[in-house]
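Residue numbers (full-length UniProt numbering), protein chains in the order written: chain A, 1 to 79; chain B, 1 to 79.
By construction, the Cβ of each residue, glycine as well, lies at the ideal position given by its N, Cα and C atoms.
Protein chains: 2
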Amino acid sequence: MEWDRENTIAQFVRDRRKKANLTQVELSDFTGVGLRFVRELEQGKPNVMTDKVNQVLLFFGHTLTPTPISDETRRNLGK
Amino acid sequence: MEWDRENTIAQFVRDRRKKANLTQVELSDFTGVGLRFVRELEQGKPNVMTDKVNQVLLFFGHTLTPTPISDETRRNLGK
DNA sequence: AATATTTACACCCTTTAAGGTATAATTATA
DNA sequence: TATAATTATACCTTAAAGGGTGTAAATATT
């Protein structure tokens, strides 16, 4: 599978991190995941482990949950 | 980390599979993920790979997306 | 434009997820 | 309650994710 910077999770993390005015290094420190992982996540690595993702999302008050595809599509359409 | 049968994803998959009247074996066949994985997923294995999870969720018209914790909590409160 | 900061890429190593299969336990059905 | 079907547990193997670090590219700052 290919990397997709525009995938929902990648976008979400990049966006939130920017809004929080953090560098990847800082996010790595705060969340406890490796710097490499933060980068791979933000660049849309297709296959990542849920607990690592959640470790990051939790920092932003979120978690991974099953969402209807229509919703996700809608979210992406909203750019 | 511990296994948690009550976690959102595990509950979701068990629930949907039951409603669709499928066995784990059938879900495994239809989605293409291993039978072992279906079981681990339904029993709340804490650390799974997103693309495998999505392979299953897609079958039910869903995907993993970052969701506000409040939402997820609310969902769980609703039992 | 020059310098500093941030992000991206490449290497190797260790850990572990996922799959297959075989067996045991649980649940449903006759 | 037997018997069949479904689900759970245990073993091993293979593939790849995640981490550390060093370097290059890109972005921001002065």
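Cβ shell of residue i (< 6 Å), same chain only, five flanking positions each side left out
i                     : result
proline 46 of chain B : Met1
glycine 78 of chain B : The predicted model places glycine 78 of chain B with a pLDDT of 42, which falls under 50 and marks its position as unreliable, so this point remains unresolved.
Between the CA atoms of residue j and residue i - distance to the nearest angstrom
i                        : j                       : result
serine 70 of chain A     : threonine 50 of chain B : 19 Å
glutamate 6 of chain B   : valine 38 of chain B    : 15 Å
residue 81 of chain A    : lysine 19 of chain B    : In the structure as shown, chain A begins at 1 and stops at 79. Residue 81 of chain A is therefore absent and cannot be evaluated.
glutamine 43 of chain A  : glutamine 11 of chain A : 8 Å
residue 94 of chain B    : arginine 16 of chain A  : Residue numbering for chain B in the displayed model covers 1 to 79; residue 94 of chain B lies beyond these limits and cannot be assessed.
asparagine 21 of chain B : glycine 61 of chain B   : 16 Å
Where the alpha helix (DSSP H) containing residue i begins and where it ends
i                       : result
threonine 31 of chain B : 24-31
aspartate 4 of chain A  : Unbroken run through aspartate 4 of chain A: none, as it is neither H nor E.
lysine 52 of chain B    : 50-59
Opening and closing residue of the beta strand (DSSP E) in which residue i lies
i                     : result
proline 68 of chain A : 62-68
Cut-off 7 Å between Cβ atoms - residues of its own chain near residue i, not counting five sequence neighbours on either side
i                        : result
asparagine 54 of chain A : Thr63, Leu64
leucine 57 of chain A    : Thr63, Leu64
Residues near residue i by beta carbon distance below 8 Å, same chain, minus five either side
i                       : result
tryptophan 3 of chain A : Gln43, Gly44, Lys45, Pro46
**Q.** the region 23-42 of chain A in contact with the region 25-33 of chain B per 3-pair CB rule at 8 Å
**A.** no
Q. Are three or more beta carbon pairs between the region 52-68 of chain B and the region 58-70 of chain A nearer than 8 Å?
A. yes
Q. Of the residues that make up the UniProt domain "HTH cro/C1-type" (13-69) of chain B, which ones have a beta carbon closer than 7 Å to any beta carbon in chain A?
A. Pro46, Asn47, Val48, Met49, Thr50, Asp51, Val53, Leu57, Gly61, His62, Thr63, Leu64, Thr65, Pro66, Thr67, Pro68, Ile69
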